[in-house]
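Asker: Got a structure for you, questions after.
This is the structure:
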């Protein structure tokens, strides 16, 4: 007998499918810029669900920006 997935598993699968579809659509429409937009949307959604993640995202962006523009901090 096959086990019925829990509600949280179903929600997680549906959310994952939604993000994959959205990402594919944005990439098809805008290429790499669309892909970046899709990741921004996903990061914001995660941070809204867990506000403590904003600081981690900010530090990640600071490090990425520093690597690409030569600056070292804001």
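Residue numbers (my numbering): 28 to 101. All C-beta atoms, glycine included, are put in the ideal place defined by N, C-alpha and C.
#1: Report yes or no: do the segment 56-64 and the segment 77-84 share at least 3 C-beta pairs separated by less than 8 Å?
#2: Are there 16 or more other CB atoms within 10 angstroms of the CB of residue 65, so buried, or fewer, so exposed?
#3: So, with DSSP's three-state summary, where would you put residue 97?
#4: Would you mind reading off the limits of the alpha helix (DSSP H) that contains residue 56?
#5: Please report the straight-line C-alpha distance between residue 54 and residue 62, rounded to a whole angstrom.
#6: To the nearest whole angstrom, what separates the beta carbons of residue 69 and residue 91, a pair I think is in contact under 8 Å?
Answerer: This is what the structure holds:
#1: no
#2: One-based indexing of the chain shown puts residue 65 at position 38. Residue 65 should be labelled buried.
#3: Residue numbering aside, residue 97 sits at position 70 when the chain shown is read from its first letter. Coil at residue 97, not helix or strand.
#4: Indexing the chain shown from 1 puts residue 56 at position 29. Start and end: 34-57.
#5: Sequence index remark: in the chain shown, residue 54 carries index 27 (1-based). Sequence index remark: in the chain shown, residue 62 carries index 35 (1-based). The alpha-carbon atoms of residue 54 and residue 62 are separated by roughly 5 Å.
#6: Walking along the chain shown from the start, residue 69 turns up at place 42. Walking along the chain shown from the start, residue 91 turns up at place 64. That pair is no contact at about 16 Å.
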